[in-house]
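Engineer: Start counting the sequence shown at 1; every next residue gets the next number (our numbering). Just so it is clear, CB atoms sit at the ideal spot from N, CA and C, and this is done for glycine as well. These numbers were taken from a predicted model, which means no experiment stands behind them. Below are the structure tokens for one structure; questions will follow.
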Amino acid sequence: MKQPLQTILLGLTICLLLSGSSVSAAPPISQTSDVQYRRFRYAYDPEGQKYHVFLSRPVPEELYYSTELRATANIDDTPEKETAVLMTTVNAKSATRPGEWKQVYLLIADHQAAMPKKIDLFKLFDAGTYALEAPAKTIELQSPRFVFTEPPKDALKPPDVSFRLVDLTGDGILDIWVEFGYAVAVISFQNGEFKEIFSAYTVPGPLPDAEYVDLDNDGTYEIKIPYSIYIEELPGSPYLPWMSLYEWNGNDYVLNNQRFYADNNDFLIRLLGEYNYQLLQRGGFVNYCETYRFYLGLLYYYRGSKSPSDLEWILEHAKNNDYIQATSALLKKSPPPRR
């Protein structure tokens, strides 16, 4: 009995091996290019200086260009590699902040050319203190939606600027994730050209950095921008955490906070707990706190509330125009005439 059984099992094994491509075929995993990075430690490194030819000349005496980081990889749909170069315009003689950068540029160049050959140039940041204009695509940084503050352009910024090459959009082509000061931007090759697909201010202070994370393991990354809500009406009250979540829709990164907050009980409990604590400490005055009412209403809106009473209260009673306009857009109602 053993021999026929072994023969049958062997036959089944051979059949499965021969037909394996149809039985257990998995979608091919996209392979991204290998990456070579070089960090430039000295502003006057000639290897880094050769990329400054694409920037504005001459520069004021107190300024100089500094090449910070270079990466070589295939970042478009051609078989050849490209070079991405991050450069800053630095104020060397500032009386208060010597060495602070005033502009940030990202150059994409042909890696094969003997001399740098520009493919694209992006201006990621400009403090606006100097009239230096280079032929570059300008990135317009904005705060995430429902975040109504942004750091001043002359705010003291972290000195480091950097980028990473990572396939955020899941198409097998490396994208450029750039971090500079209190901001982040993503440059991607889409529809035959390099373009900005995401940019936003982040928030000064001891908060987690902006990050990309694949929440559902589908090969496409989401972007999380942490924020901290200051309750202006209640001096001394703790800052409240907030998170802006963006996801890739095939063309751009779009805000989808509902995905983050719809089932986030921890955040709801924390917000309600702080609200109730302030209610006990300060009494009914807290019910007139526009900041609490707006973000509570926003949270219930994301969780599917059919009657977001806090947002309705904002439309009727709030004085903060940012809250009024945002609520009006959410509820698709015109704000009442101001009395």
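1) CB-CB under 8 Å to ALA26, same chain, minus the five flanking residues each way: which ones, in chain order?
2) Mark HIS52 as exposed unless 16 or more other C-beta atoms lie within 10 angstroms of its C-beta, in which case mark it buried.
3) Taking the beta strand (DSSP E) that LYS270 falls in, what are its first and last residues?
4) I believe GLU290 touches ALA318 by the beta-carbon criterion, under 8 Å. Please report the beta-carbon distance rounded to the nearest angstrom.
5) How far does the beta strand (DSSP E) with GLU179 in it extend, from its first residue to its last?
6) Taking only three categories from DSSP, how would you classify GLN49?
7) Enumerate in chain order the residues of its own chain whose CB-to-CB distance from LEU55 is below 8 Å, with the five nearest sequence positions on each side excluded.
8) At which residue ranges does the region 188-224 contain complete beta strand (DSSP E) runs of 3 or more residues, listed in the order of the chain?
9) Anyone know if the C-beta pair for ILE229 and ALA84 falls short of 8 Å?
10) Below 8 Å on the Cβ atoms is my guess for LEU174 versus THR32; work out the distance and round it to an integer in Å.
11) Can you check DSSP and say which residues form a bridge with TYR105?
12) Looking only at C-alpha atoms, which of ASN91, TYR300, ARG293 and LYS118 sits nearest to LYS50?
13) Using the Cα positions of GLU82 and ARG38, report the straight-line distance between them to the nearest angstrom.
14) Is TYR201 closer than 8 Å to LEU255 when the C-beta atoms are compared?
15) With which residues is ASP110 paired in a DSSP beta bridge?
16) Short check: CB of TYR302 to CB of TYR261, under 8 Å?
17) Considering only DSSP beta bridges, list what ARG164 is partnered with.
18) Tell me whether the beta-carbon of ALA183 lies closer than 8 Å to the beta-carbon of PHE125.
19) Taking all protein chains shown into account, do 16 or more other C-beta atoms lie within 10 angstroms of the C-beta of LEU371, making it buried, or fewer, making it exposed?
20) THR67 bridges to which residues according to DSSP?
21) Is the region 242-251 touching the region 143-152 in the sense that three or more CB pairs, one from each, lie closer than 8 Å?
22) Does DSSP classify ILE314 as helix, strand or coil?
23) What is the residue span of the alpha helix (DSSP H) that SER328 lies within?
Structural biologist: On the basis of the data shown:
1) Note on ALA26: pLDDT 33, under 50, position unreliable in the model; the coordinate value appears next. Here the set comprises nothing.
2) If you draw a 10 Å sphere on the C-beta of HIS52, you find 16 or more other C-beta atoms in it, and that means buried.
3) Lys is not the amino acid found at residue 270; the sequence shown has Arg there. Unbroken run through ARG270 is the alpha helix (DSSP H), 265-282; no beta strand (DSSP E).
4) Taking C-beta atoms under 8 Å as the contact rule, GLU290 and ALA318 qualify, at a distance of about 5 Å.
5) Per DSSP, GLU179 is one residue of the beta strand (DSSP E) stretching across 175-180.
6) It is helical.
7) Hits under 8 Å: TYR65, MET87, THR89, TYR105, LEU132 and ALA134.
8) If we require 3 residues or more, the beta strand (DSSP E) runs fully inside the region 188-224 come out as 193-201 and 211-213.
9) Taking 8 Å as the Cβ cut-off, ILE229 and ALA84 do not qualify as a contacting pair.
10) With a beta-carbon spacing of about 5 Å, LEU174 and THR32 fall inside the 8 Å limit used to define contacts.
11) Beta-bridge partners assigned by DSSP to TYR105: MET87 and LYS123.
12) By alpha-carbon distance to LYS50, the top candidate from ASN91, TYR300, ARG293 and LYS118 is LYS118.
13) Each residue's Cα considered, the two are about 14 Å apart.
14) Taking the C-beta atoms as reference points, TYR201 is found no nearer than 8 Å to LEU255.
15) By DSSP's assignment, ASP110 forms a beta bridge with GLU82.
16) Taking 8 Å as the cut-off, the Cβ atoms of TYR302 and TYR261 count as close.
17) ARG164 pairs with TRP177.
18) Yes, Cβ-Cβ distance for ALA183 and PHE125 is below 8 Å.
19) Lying outside 1 to 339, the shown extent of the chain, residue 371 is not represented and no answer is given.
20) DSSP lists MET87 as partners of THR67.
21) Verdict: yes, contact present.
22) The answer is helix: DSSP assigns ILE314 an H, G or I state.
23) Judged by DSSP secondary structure, SER328 falls within the alpha helix (DSSP H) whose first and last residues are 321-331.
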